[in-house]
Structure formats: structure tokens, C-alpha cells
Amino acid sequence: MIRLEHLTKVHATPQGPVASVDDVSFEVGAGETCVLLGPSGCGKTTTLRMINRLVAPTSGRILIDGRDTGGVDPVELRRGIGYVIQQIGLFPNMTVAENIGVVPRLLRWEPARIRRRAEELLGMMALDPARFLDRYPGELSGGQAQRVGVARALAADPPVLLMDEPFGAVDPVNREVIQDEFLRMQKSLRKTVLFVSHDIDEAVKMADRVAIFRAGRLEQYAAPDELLARPANDFVAGFVGTDRTLKRLRRIHVDELAPLPAAQPEDERLPRVLPRDDLRRVASLFLEHGVDALVCVDADGRTHGRVTRDAVARRLAQAGAGGSDPAIGAALEAAAR
Amino acid sequence: MPFRSASTAVPQRSPMPFLVLGAIALGVIWLLVATGTWTDMMRYRKDIGYLVRQHLVLVGVSGGAAIVTGVLLGIVLARPWMRRYAEPTIQVVNMATSIPTLGKLALMMSLLGIGALPAIVGLWIATLLPIVRNTYAGLRAVPGHLVDAAQGMGMSPGAVLRRVELPNALFVIFAGVRTAMAVNVGTAPIAFLIGGGGLGELIFTGIDLQEYGMMLAGAIPTALLAVAVDFAFGQAQYWLVPRGVNPLRNS
Numbered sequence: 001m002i003r004l005e006h007l008t009k010v011h012a013t014p015q016g017p018v019a020s021v022d023d024v025s026f027e028v029g030a031g032e033t034c035v036l037l038g039p040s041g042c043g044k045t046t047t048l049r050m051i052n053r054l055v056a057p058t059s060g061r062i063l064i065d066g067r068d069t070g071g072v073d074p075v076e077l078r079r080g081i082g083y084v085i086q087q088i089g090l091f092p093n094m095t096v097a098e099n100i101g102v103v104p105r106l107l108r109w110e111p112a113r114i115r116r117r118a119e120e121l122l123g124m125m126a127l128d129p130a131r132f133l134d135r136y137p138g139e140l141s142g143g144q145a146q147r148v149g150v151a152r153a154l155a156a157d158p159p160v161l162l163m164d165e166p167f168g169a170v171d172p173v174n175r176e177v178i179q180d181e182f183l184r185m186q187k188s189l190r191k192t193v194l195f196v197s198h199d200i201d202e203a204v205k206m207a208d209r210v211a212i213f214r215a216g217r218l219e220q221y222a223a224p225d226e227l228l229a230r231p232a233n234d235f236v237a238g239f240v241g242t243d244r245t246l247k248r249l250r251r252i253h254v255d256e257l258a259p260l261p262a263a264q265p266e267d268e269r270l271p272r273v274l275p276r277d278d279l280r281r282v283a284s285l286f287l288e289h290g291v292d293a294l295v296c297v298d299a300d301g302r303t304h305g306r307v308t309r310d311a312v313a314r315r316l317a318q319a320g321a322g323g324s325d326p327a328i329g330a331a332l333e334a335a336a337r
Numbered sequence: 338m339p340f341r342s343a344s345t346a347v348p349q350r351s352p353m354p355f356l357v358l359g360a361i362a363l364g365v366i367w368l369l370v371a372t373g374t375w376t377d378m379m380r381y382r383k384d385i386g387y388l389v390r391q392h393l394v395l396v397g398v399s400g401g402a403a404i405v406t407g408v409l410l411g412i413v414l415a416r417p418w419m420r421r422y423a424e425p426t427i428q429v430v431n432m433a434t435s436i437p438t439l440g441k442l443a444l445m446m447s448l449l450g451i452g453a454l455p456a457i458v459g460l461w462i463a464t465l466l467p468i469v470r471n472t473y474a475g476l477r478a479v480p481g482h483l484v485d486a487a488q489g490m491g492m493s494p495g496a497v498l499r500r501v502e503l504p505n506a507l508f509v510i511f512a513g514v515r516t517a518m519a520v521n522v523g524t525a526p527i528a529f530l531i532g533g534g535g536l537g538e539l540i541f542t543g544i545d546l547q548e549y550g551m552m553l554a555g556a557i558p559t560a561l562l563a564v565a566v567d568f569a570f571g572q573a574q575y576w577l578v579p580r581g582v583n584p585l586r587n588s
């Protein structure tokens, strides 16, 4: 668990002191992914860098598992916190195996153990250890390098992971793939992750909690669904965008609409969805086929029931005010009536 | 390394340059023997042996001292806390570089008298500057995000320098050392003019006396030494700079 208490960073500038992070407090539970979101210069990266003390706070405290990080030697502290940056920062003078082994070596692991760990992590990242262990970073593609960067951060199995726009330099197609891989990994690893992003879609996809920053201040701290359903103010509403209901749809899955009404025999001809499909797919099937209902069928071919427009609208109404997105919300509500 | 794929194997280098050099050397030797100059030169065999040793001391001591001090000075200048003083210092270094070596030796003679010491100090200064400049430039060119990543992973400042900054700057540092040693070996014969000894004794005396055998007895070993030193540092650069940051080995 990570707790930030009244965290403030003041920089001296020619125009006088400026607070780049201003009295920020929030708490990230163990095993949660928290995305720090906001426009550039909003203080999200500075906040992240204060957690591993690459930046010293002007005032306030950071507690990791109840321990004040201010009293820990920064070098020791950082060895227990995984760190991934946008430029990846793989050391070009070291092989992939040596890069992954940096922190284990600092922690004085046996060379054989470091090598085994590097092999294990590459396997986890879907990179063939036999082919990649002894390559140099210059011989990797952007996506491969980014995976090695994540592997390196996980090498000593730190409970906390700090990621500063980790997938920002990867092209959009590969970014989706790496995000999915990371989500799958995170499901079993349950690291406490702080993740800086300026991309609302990435935040909605990755986060259990989102912290939205503006000009050094924390504007809202909430789960993505709540953030999208009930933006705290105009800035947050503007930042999440007018299509925020569409964004909510991708976080909700068909099986969360249960109980589904039983399917009728004439529903045979309706389009089908899987229980783990998100509601964005459901909505697009509604629009594409001009229907009001779909059939949910699992991978084994068993029918789970009907997915109707009013079930979707009811679900959207649950977390937030419902239908706050002018276009889709109204359309879905009208359909429900 | 237990494993190395075919694509990462050390590239085979062409033997052509060595063949060409060998042919030229054979031609020169044939010319020397045919014109009788070889016999003239061999009359100074004992002098050559003695002066080569003296010459090597000049080059070795001044060059060795310059590499050690130049790299250290470059590292210090590239430290973040030296940022304010680094650029002015480099400017001074640049100005000092533009003084001709003969001028530097003359200055040293007026400060330290004649003999080997002022020659070594003069050569040391002449050799120092490219090394300082390249060490500084090489370290400053290491991308900031590498240092950031290294610090963020919990490397101590010393470890960041040793394991990240220096290895990544090493190729540029070596380029500076190679340039500096070429200057050093090329200038060492002038040391004779301020009483420093070395092969310059045969060259300058040979010129004055219009004895080409004597002159060549100094000039040819000087040239061979220059080629050997450059070859040695080239090999060191090739093998000591990590492969991932060594353009010579990234085929």
C-alpha cells in the first residue's frame, strides 16, 4: 500500500517559487493499479519521481506499507521499487540478460540465479530466452525493448512498480498488445502499480484507480467508471471527453449485466456476444444490426441469455447519473423506455 | 558468453589493408637496399637502439600520464556539480590546444630548462587536451534517461558512472586517446630540440648534415612507432568497448 500525505514540491524559478505538486494526498491499495493522469506539466511525473525519491519532496510524506520513505536511504529504497520510463532506458552497453540482472546484481544474487531469473522473465514477456538473452538493446525492436524494460523492473520481484508513460514510445498497435500482456501479467502478479499517462483511454483500460491532475493539484481520485460517470468538475469532464459513456462501455462486460433474461427460440438469428465481451462491442452490434437485443453465448456454445438495450442503460445508470453522454446515453435511455 | 547467435558474431575484417601495407613496406625496403641507403642507415644501428628506448620513455611516460590525468579531468568536468565551471574550462583547454606544440615545448623549456623533463611535460600537455575534451564530450553525450533509469533502479552515483556512463562514453573517449597518441608520437621527435633526446636526434642532425641515411634511421623507426601505437589503440578500442555501443563491431 502506498500513501501520499500532503505531498508538495516547490521549485524556485526566475518568476518566484512555483508548486509543481501542491498538497496531493491519496492512497493506492496493495495490488492496485493507479494511473496518474493529466496534461503535460500537471505534476504527475514529479509525483511519481517523489515516490522513489528521484525528486525530494518539499513537504509531505510518502508511506509504503506504513513506512515513511523519508527515513530510508534513497538508493536502498529504489532497489525495492521497479521503475520503467518512457525512453525505456535499457543500457546499450549491456546485453538483455545483463540489463535484466542490474538490480539482482546490486542485491548480490548469485550469477546463476540472475540468469535463471532473466530467462524466466523473458518467457513471461513472450520473448524466447535462447534468442534474446545475449542480444544488445540495439538489436531489439521498440516493442521488444519495452518488454525487456518491464522485465528489468520486475527482476527482483519488487512489490511496487512505478511506470512513467511506459508504453508511450510504442506504436499504437503494439501498445494495445503490450497493454493487454501487462494486464494479464498484473492479474497474477498483483503489484502495486503507479502508472503515469496522458492518455485517458490507456487510463480507463489499465487503472483500478485514476488520479487526475491539473497544475499540480489532484482534481479527482476515483475508479475509472466513477470518473467517467461523475466527473468532479468541468476540467475533469473536459479531460475525459464528451464520449465518456462510450469509454465506460469498454470497462463493463456482458457478464456484469446478470441476471440476463432467458433467450427466446426466435433469438437464434440475433448477433452473438461472449460473456467477457465489453459493452462497447455490444453497443456497436446494436447499431450495426439495428437490433435491440443480442444473445450471450459462451465459448462452449451454451446460451446465457439475452442482452437488451435497457439492461445496458440500467447498468450505465448504476454508477453514475446515467446518460450523461448526450448522444449515446440519450439514445440508449430512449431505447429502454 | 555461452551463447551467441550467428547475427551477433564478430564480423570478419578484410585482410586487404595489411596486404597493401606489406607490399608498400617491401617496396620501400627494396628501394633502400637498391640505393645503398640501407647500409648507411645500418651504421647507426647502436644509436637507433639507444634512441628508440629513450623515445619510448618520452612517449610512454607523457602519453600514459596524459591518459590517466585526461580521463580523470574529463570525468570531473562532466559531473553535474561542475556544470558551471566545465564550459569555461573546456574553452581554456581549446585555446591551449591551438598553441603549436613547438611553442608549448619552447614554453616548457623556458619554465623547466632543458632535458627530458620539460619535453615530457610539454608532450603531456599536448596529449592531455584531446583526451579531456573527448572524455567530457563522451560523458555529456550519454542520454539523460540512461542515468535516470540507473538512478531509479538504485545504483549508487559511483555505480552509475562505472557501469553506465563510462561504458557508454568509452568509444568517444578512445577516439580521443587515439588522436592524442597520434599527436604525441608525431611530436616526440621535436623533444630533441629542447634536449629531450629520442629519435629526433637522428632526424634533425641528419637534416642538418644532409645525411639521408642518418635522417631515415630516425624517421623510419618514428613512422613505424606511430603505426604500431595507432594499431595498438585501435585494437584496444575494438576489443575493450562493449559490443552494444561499439560502432566498429555492430555490423
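Top line first, the protein sequences correspond to chains A and B.
165 is the number that the numbering used here gives to position 165 of the first sequence; each next residue is one higher, with no gaps.
Convert by adding 337 to the 1-based position in the second sequence; the result is the number in the numbering used here.
Yeah, the Cβ is synthetic: ideal placement off N, Cα and C, and Gly gets one too.
What do you get for residue i, buried or exposed, if any count of 16 or more other CB atoms within 10 angstroms of its CB means buried?
| i | result |
| --- | --- |
| Thr13 of chain A | exposed |
| Ala153 of chain A | buried |
| Ala321 of chain A | Its pLDDT being 38, under 50, Ala321 of chain A is placed unreliably by the model, and the measurement read from it follows with that caveat. Exposed, by the Cβ-count rule. |
| Arg421 of chain B | exposed |
| Met432 of chain B | exposed |
| Ala480 of chain B | First, the amino acid is wrong: residue 480 of chain B is Pro here, not Ala. Exposed, since its Cβ has fewer than 16 Cβ neighbours within 10 Å. |
| Lys9 of chain A | buried |
| Tyr136 of chain A | buried |
| Glu98 of chain A | buried |
| Gly397 of chain B | exposed |
| Phe340 of chain B | Caution is warranted here: a pLDDT of 40 is assigned to Phe340 of chain B, below 50, making its placement in the model unreliable, and no coordinate value can be reported. |
| Ala327 of chain A | Reliability of the predicted coordinates at Ala327 of chain A is poor, the pLDDT of 49 falling under 50, and the value obtained from them is presented with this limitation in mind. Classification of Ala327 of chain A: exposed, given that the 10 Å Cβ count is below 16. |
| Pro92 of chain A | buried |
| Pro354 of chain B | exposed |
| Gly16 of chain A | exposed |
| Val347 of chain B | Because the pLDDT of Val347 of chain B is 46, which lies under 50, any placement of that residue in the model is unreliable, and the question is left without a value. |
Tell whether a beta-carbon distance below 8 Å holds between residue i and residue j.
| i | j | result |
| --- | --- | --- |
| Arg309 of chain A | Val295 of chain A | no |
| Thr33 of chain A | Met185 of chain A | no |
| Thr434 of chain B | Ile527 of chain B | no |
| Val312 of chain A | Leu279 of chain A | yes |
| Ala590 of chain B | Ala487 of chain B | With chain B represented from 338 up to 588, any question about residue 590 of chain B goes unanswered, as that position is not in the structure. |
| Asn521 of chain B | Ala463 of chain B | yes |
| Asp208 of chain A | Lys247 of chain A | no |
| Gly475 of chain B | Arg515 of chain B | no |
| Gln144 of chain A | Ile178 of chain A | no |
| Gly523 of chain B | Phe529 of chain B | no |
| Leu133 of chain A | Leu122 of chain A | yes |
| Ala453 of chain B | Gly386 of chain B | no |
| Ala237 of chain A | Pro224 of chain A | no |
| Val96 of chain A | Val148 of chain A | yes |
Would you give the residue range spanned by the alpha helix (DSSP H) that residue i belongs to?
| i | result |
| --- | --- |
| Ser20 of chain A | Taken as a continuous stretch (DSSP letters only), Ser20 of chain A belongs to no alpha helix (DSSP H), being part of the beta strand (DSSP E) at 16–28. |
| His392 of chain B | 382–415 |
| Arg116 of chain A | 111–124 |
| Phe213 of chain A | Not the alpha helix (DSSP H): Phe213 of chain A falls in the beta strand (DSSP E), residues 209–214. |
| Glu266 of chain A | Note, Glu266 of chain A: premise wrong, no alpha helix (DSSP H); not H, not E. |
| Phe91 of chain A | Phe91 of chain A -> no alpha helix (DSSP H), and no H or E assigned at all. |
| Ser284 of chain A | 279–289 |
Whole-angstrom Cβ separation of residue i and residue j, contact assumed at under 8 Å?
| i | j | result |
| --- | --- | --- |
| Val35 of chain A | Phe195 of chain A | 5 Å |
| Asp255 of chain A | Pro275 of chain A | 4 Å |
| Leu562 of chain B | Met552 of chain B | About 16 Å separates the two Cβ atoms, so there is no contact after all. |
| Val193 of chain A | Leu161 of chain A | 5 Å |
| Leu7 of chain A | Val24 of chain A | 5 Å |
| Gly537 of chain B | Met378 of chain B | So it is not a contact: roughly 16 Å between Cβ atoms. |
| Ala232 of chain A | Gln220 of chain A | 4 Å |
| Leu414 of chain B | Ile427 of chain B | 7 Å |
| Met445 of chain B | Val102 of chain A | Going by Cβ atoms, the distance from Met445 of chain B to Val102 of chain A rounds to 47 Å, so no, they are not a contact pair. |
| Ala525 of chain B | Leu460 of chain B | 6 Å |
Using DSSP's beta-bridge definition, name the partner residues of residue i.
| i | result |
| --- | --- |
| Ala156 of chain A | Paired residue(s): none; Ala156 of chain A is not in a bridge. |
| Thr58 of chain A | Paired residues: none, contrary to the question. |
| Cys296 of chain A | A:Val273, A:Gly305 |
| Cys42 of chain A | None; Cys42 of chain A has no bridge partner. |
| Gln179 of chain A | For Gln179 of chain A, which the question treats as bridged, DSSP gives no partner whatsoever. |
| Ser447 of chain B | DSSP, once it has assigned bridges, lists no residue as partnering Ser447 of chain B. |
| Met163 of chain A | A:Val84, A:Phe195 |
| Tyr422 of chain B | Note: Tyr422 of chain B sits in no beta bridge, so no partner. |
Kindly indicate the opening and closing residues of the beta strand (DSSP E) around residue i.
| i | result |
| --- | --- |
| Met274 of chain A | A small correction: the amino acid at residue 274 of chain A is Leu; Met does not occupy that position in the sequence shown. Counting along the chain, Leu274 of chain A falls outside any beta strand (DSSP E), and DSSP gives it neither H nor E. |
| Tyr549 of chain B | Here Tyr549 of chain B belongs to no beta strand (DSSP E); instead the alpha helix (DSSP H) covers 549–577. |
| Lys9 of chain A | 2–13 |
| Val35 of chain A | 33–37 |
| Arg217 of chain A | 217–222 |
Please list the partners that residue i has in chain E, where partner means a Cβ-to-Cβ separation under 7 Å.
| i | result |
| --- | --- |
| Phe91 of chain A | This model lacks chain E altogether; the protein chains it does include are A and B. |
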